[in-house]
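**Q**
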Amino acid sequence: MPHDFIAIGDIVTDAFIKLHDAEVHKHMRTETRDICLPWGTKIPYDGVVVVPGVGNCANAAVAAARLGLTSALVTNTGDDEIGQAQKKTLENNHVSTEFVHTHTGKPSNYHYVLSFKGERTILVKHEEYLYMVPEMGNPKWIYLTSLSQTSENFHNEIADWLEAHPDVNLVFQPGTFQIKMSKDPSTTLGVNKLARIYARTNIFFCNIEEAQTILDTKKRDIRKLSEAVRELGPKIVCLTDGTDGAYAFDGTELWFTPQYPDPKPPLDRTGAGDAFASTFSVAIALGKTLPEALSWGPINSMSVVQYYGAQEGLLSREKLEQYLASAPAEYKVKKM
122 MPHDFIAIGD IVTDAFIKLH DAEVHKHMRT ETRDICLPWG TKIPYDGVVV VPGVGNCANA
182 AVAAARLGLT SALVTNTGDD EIGQAQKKTL ENNHVSTEFV HTHTGKPSNY HYVLSFKGER
242 TILVKHEEYL YMVPEMGNPK WIYLTSLSQT SENFHNEIAD WLEAHPDVNL VFQPGTFQIK
302 MSKDPSTTLG VNKLARIYAR TNIFFCNIEE AQTILDTKKR DIRKLSEAVR ELGPKIVCLT
362 DGTDGAYAFD GTELWFTPQY PDPKPPLDRT GAGDAFASTF SVAIALGKTL PEALSWGPIN
422 SMSVVQYYGA QEGLLSREKL EQYLASAPAE YKVKKM
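If you're matching positions, the sequence shown starts at 122 in our numbering and goes up one per residue.
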């Protein structure tokens, strides 16, 4: 039987380093923030939590499995203990590993997450793997997300595969390097290298700042940003705005959802965006309307940030619907 949901991307292991001796400096002109540590000295930390088998793609695959879909992951690992732990994490979460390619003599992806006051700064290193599209059959949904900067040709192969499988739905949640590939300074809208992916996308996710980068604009009008991204090809465009909520646009109507209230201060926000995007996508796959899907996403995000790592807090469908049924009155999706 074909899988309901196959995610494609780079799997990683995250080592969370909890800091307490740090400062955050804000740039007044750009409103960006830097985490600052004392130079040339020893810095104490509160502890380390190692979470194997995460990353955008793995988080999405696990979310789909928890919500009741048959799920698989197309990814690459090394032949080390880290890679073995990554595969074990997938198996324990009922995600098929039949498309996980283990590379002899290569290390697995390992990231360091500096956690400070509920936010995180991630030190990333994507290993260079030979990417290949496996024989995936005819799944109902493909979820394409973060890949390394050496994956450009792989994206062309994915586009070829999608064109040969027109009935397969595509979700695209670009990672850092994919956003860079999405932007070409010689074009007005900025999409060139991944134009075929955008044109084939059913549901697209990014945050507002990433949309501005892709479109090469500083304007923040949500409707205009959504319309401009949709002109690149995606049928549904979802733009997230951190703790200020999220938007979804289908070409006609623009909808907004607030953040689902946190039961207590977040422990770590890693994976909140992945939880929202994958949960929204699963809701659509299950036949929910766009506003219904938009109400699902923030609930899983709320749950995820109560834990270290991006998967421990992912909910079953039953638990998610319980949260939805008991949502406070102010938690409502509204048309803009």
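Idealized CB from N, CA, C, for every residue including glycine.
Mind checking Ala406: buried by the 16 CB within 10 Å criterion, or exposed?
**A** The residue you call residue 406 lines up with position 285 of the sequence shown. Ala406 is buried by the Cβ-count criterion.
**Q** Looking at Asn421 and Leu458, is the spacing between their C-beta atoms short of 8 Å?
**A** The first residue shown for the chain is 122 and the last is 457, placing residue 458 beyond what the model contains.
**Q** By the 10 Å Cβ neighbour count, where 16 or more other Cβ atoms means buried, how is Trp160 classified, buried or exposed?
**A** Locating residue 160 in the sequence shown gives position 39, where the first residue counts as 1. Under this definition Trp160 is an exposed residue.
**Q** Consult DSSP for Asn197 and reduce its assignment to one of helix, strand or coil.
**A** As a working note, residue 197 is residue 76 in the sequence shown. Of the three classes helix, strand and coil, the one that applies to Asn197 here is strand, per DSSP.
**Q** Among the residues of its own chain, which have a CB less than 7 Å from the CB of Gln207, if the five just before and after it don't count?
**A** Here the question's residue 207 lines up with position 86 in the sequence shown. Cβ neighbours of Gln207 beyond the five flanking positions: Ile132, Thr134, Pro173, Gly174, Thr198, Ser229.
**Q** Quick one: Cα of Asn177 to Cα of Leu375, how far?
**A** Locating residue 177 in the sequence shown gives position 56, where the first residue counts as 1. Locating residue 375 in the sequence shown gives position 254, where the first residue counts as 1. Answer to the nearest angstrom: the Cα atoms are 26 Å apart.
**Q** Measure the C-alpha to C-alpha separation of Arg351 and Leu268 and round it to an integer number of angstroms.
**A** Mapped onto the sequence shown, residue 351 falls at position 230. Mapped onto the sequence shown, residue 268 falls at position 147. C-alpha separation (whole angstroms): 22 Å.
**Q** Exposed or buried, which one is Cys157 when buried takes at least 16 other CB atoms within 10 Å?
**A** On the sequence shown, residue 157 is found 36 positions in, with the first residue counted as 1. Burial call: exposed.
**Q** For my contact list, Thr271 and Glu249 are in at a C-beta cut-off of 8 Å; report their separation, rounded to the angstrom.
**A** The residue given as residue 271 occupies position 150 in the sequence shown. The residue given as residue 249 occupies position 128 in the sequence shown. Indeed, because the Cβ distance is near 5 Å, the residues count as touching under 8 Å.
**Q** Tell me the DSSP secondary structure of Asp395 in three-state form.
**A** The residue you call residue 395 lines up with position 274 of the sequence shown. Helix.
**Q** Taking C-beta to C-beta, are Asp365 and Arg241 nearer than 8 Å?
**A** Numbered from 1 along the sequence shown, position 244 holds the residue referred to as residue 365. Numbered from 1 along the sequence shown, position 120 holds the residue referred to as residue 241. Cβ atoms of Asp365 and Arg241: not closer than 8 Å.
**Q** Figure out for me which residue from Asp342, Asn274, Asn328, Glu330 has the closest Cα to the Cα of Ile318.
**A** Sequence index remark: in the sequence shown, residue 318 carries index 197 (1-based). Selected option, being the one with the closest Cα: Asn274.
**Q** By the three-class DSSP mapping on this structure, what secondary structure does Ser229 have?
**A** Here the question's residue 229 lines up with position 108 in the sequence shown. Ser229 falls in the coil class under three-state DSSP.
**Q** By the 10 Å Cβ neighbour count, where 16 or more other Cβ atoms means buried, how is Asp167 classified, buried or exposed?
**A** Locating residue 167 in the sequence shown gives position 46, counting from the first residue. So Asp167 ends up on the exposed side.
**Q** Tell me which residue opens and which closes the beta strand (DSSP E) that Val171 is part of.
**A** The sequence position of residue 171 within the sequence shown is 50, counting from 1. It spans 166-175 - the beta strand (DSSP E) in which Val171 sits, taken as one unbroken run.
**Q** Using a threshold of 8 Å, state whether the C-beta atoms of Phe401 and Ala414 are closer than that.
**A** Position 280 of the sequence shown, counted from the start, is the residue given in the question as residue 401. Position 293 of the sequence shown, counted from the start, is the residue given in the question as residue 414. Cβ distance < 8 Å, so Phe401 and Ala414 count as in contact.
**Q** Pull the bridge partners of Asp155 from the DSSP assignment, please.
**A** The count along the sequence shown starts at 1 and reaches residue 155 at position 34. According to DSSP, Asp155 bridges with His146.
**Q** Who does Ile243 pair with in a DSSP beta bridge?
**A** As a first step, residue 243 is located in the sequence shown; it is residue number 122 there, counting from the start. Looking at the DSSP assignment, Ile243 forms a beta bridge with Val234.
**Q** Suppose the cutoff is 8 Å on Cβ atoms and the five residues either side in sequence are ignored; what does the same chain contact list for Lys246 look like?
**A** Residue numbering aside, residue 246 sits at position 125 when the sequence shown is read from its first letter. Contacts found: Asn230, Tyr231, His232.
**Q** Go through the region 396-437 residue by residue and report every complete run of the alpha helix (DSSP H) that reaches 4 residues or more, in order.
**A** Counting whole runs of 4 or more residues, the region 396-437 contains the alpha helix (DSSP H) stretches 411-425.
**Q** How long is the line joining the alpha carbons of Phe293 and Ala280, rounded to whole angstroms?
**A** The residue labelled residue 293 in the question sits at position 172 within the sequence shown. The residue labelled residue 280 in the question sits at position 159 within the sequence shown. Cα to Cα, the separation comes out at about 12 Å.
**Q** Relative to the C-alpha of Val425, which candidate in Thr153, Arg187, Ala143, His215 has its C-alpha closest?
**A** Within the sequence shown, residue 425 is the residue found at index 304, counting from 1. With distances taken between Cα atoms, Val425 lies closest to Arg187.
**Q** Indicate whether the contact test is met: 3 or more Cβ pairs, each with one atom in the region 322-329 and one in the region 282-300, closer than 8 Å.
**A** Touching, yes, given that three or more Cβ pairs across the two stretches are closer than 8 Å.
**Q** Helix, strand or coil: how does DSSP classify Phe370 here?
**A** Along the sequence shown, one-based indexing puts residue 370 at 249. If DSSP states are grouped into helix, strand and coil, Phe370 belongs with the strands.
**Q** Taking the straight line between their C-alpha atoms, what separation do you get for Arg438 and Tyr444?
**A** Locating residue 438 in the sequence shown gives position 317, counting from the first residue. Locating residue 444 in the sequence shown gives position 323, counting from the first residue. Cα-Cα distance, rounded: 10 Å.
**Q** Buried or exposed: Glu278, going by 16 or more other Cβ atoms within 10 Å of its Cβ?
**A** Indexing the sequence shown from 1 puts residue 278 at position 157. Exposed, since its Cβ has fewer than 16 Cβ neighbours within 10 Å.
**Q** On the DSSP bridge list, what partners appear for Val358?
**A** Mapped onto the sequence shown, residue 358 falls at position 237. Its beta-bridge partners are Phe325, Phe370.
**Q** So, with DSSP's three-state summary, where would you put Thr223?
**A** On the sequence shown, position 102 is the one that residue 223 refers to. Note: Thr223 maps to strand in three-state DSSP.
**Q** If we ignore side chains and look at the alpha-carbon of each, how far apart do Gln380 and Lys456 end up?
**A** Position 259 of the sequence shown holds residue 380. Position 335 of the sequence shown holds residue 456. Taking the straight line from one Cα to the other gives about 15 Å.
**Q** If you reduce the DSSP assignment to three classes, tell me which class Ser217 lands in.
**A** Residue mapping note: residue 217 aligns to position 96 of the sequence shown, counting from 1. Strand.
**Q** Where Ile203 and Glu451 are concerned, what is the direct C-alpha to C-alpha distance, given to the nearest angstrom?
**A** Numbered from its first residue, the sequence shown carries residue 203 at position 82. Numbered from its first residue, the sequence shown carries residue 451 at position 330. Each residue's Cα considered, the two are about 43 Å apart.
**Q** On the DSSP bridge assignment, give the partners of Leu375 in chain order.
**A** As a working note, residue 375 is residue 254 in the sequence shown. Per DSSP, Phe370.
**Q** With DSSP collapsed to three states, give me the class of Asp365.
**A** Counted from its first residue, the sequence shown places residue 365 at position 244. In this structure, Asp365 counts as helix in the three-state DSSP scheme.
**Q** Where does Trp160 fall in DSSP's three states?
**A** Numbered from 1 along the sequence shown, position 39 holds the residue referred to as residue 160. Note: Trp160 maps to coil in three-state DSSP.
**Q** Rounded to whole angstroms, what is the Cα-Cα separation between Asp290 and Ala320?
**A** Indexing the sequence shown from 1 puts residue 290 at position 169. Indexing the sequence shown from 1 puts residue 320 at position 199. In the sequence as displayed, the identity of residue 290 is Asn instead of Asp. Computed Cα separation, rounded: 12 Å.
**Q** Would you say Ala398 and Leu360 are within 8 Å of each other, going by their C-beta atoms?
**A** Along the sequence shown, one-based indexing puts residue 398 at 277. Along the sequence shown, one-based indexing puts residue 360 at 239. No. Outside cutoff.
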